[in-house]
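Residue numbers (this note's numbering): 1 to 147.
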């Protein structure tokens, strides 16, 4: 790990799996301490390589590796810790004791119906000379009144 390898890559170089390394760390405190020293050596190797390089690609690659290898020092976005418990806030909101923003008063929408149109009576007529297809015709007010 002192050459810049990750813990998984170091496990592969030793011929064991990452799960084996994790189990050894749980079982042996000295091994866990050795892994922590190896992670620090990895960060040192990556930082040294980044500072010694003039190549932009190498600098960016080392920076990316350091963000993953030592996130507490190299992360780009700081973690903001709050003392507010989100479950407590949710419980207050549900119970109604949380401060809520004031909502605007509802507006009354008035409905003005359009003026009604005159309804004309319709009838179906057929013309003997035509093709016997029924036609819908609007009946004039005079015919409707029987004049």
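Here a beta-carbon is modelled for each residue, glycine too, at the ideal position from N, C-alpha and C.
- Item | Beta carbon of residue 23 nearer than 8 Å to that of residue 7 | No, Cβ-Cβ distance for residue 23 and residue 7 is not below 8 Å.
- Task: Please determine, among 48, 43 and 33, the residue with the shortest C-alpha to C-alpha distance to residue 67.
- Result: Ranking 48, 43 and 33 by Cα distance to residue 67 puts 43 first.
- What did DSSP end up calling residue 54 once you bin it into helix, strand or coil? DSSP places residue 54 in coil when its eight states are reduced to three.
- Using alpha carbons as the reference points, say which of 55, 54, 77 and 50 lies closest to residue 65. Closest by alpha carbon: 50.
- Message: Taking the beta carbon of residue 46 as the centre, do at least 16 other beta carbons fall within 10 Å, making it buried, or is it exposed?
- Response: So residue 46 counts as buried.
- Query: residue 94: buried (16+ other C-beta within 10 angstroms of its C-beta) or exposed?
  - Reply: With fewer than 16 other CB atoms across the displayed protein chains lying within 10 angstroms of its CB, residue 94 is exposed.
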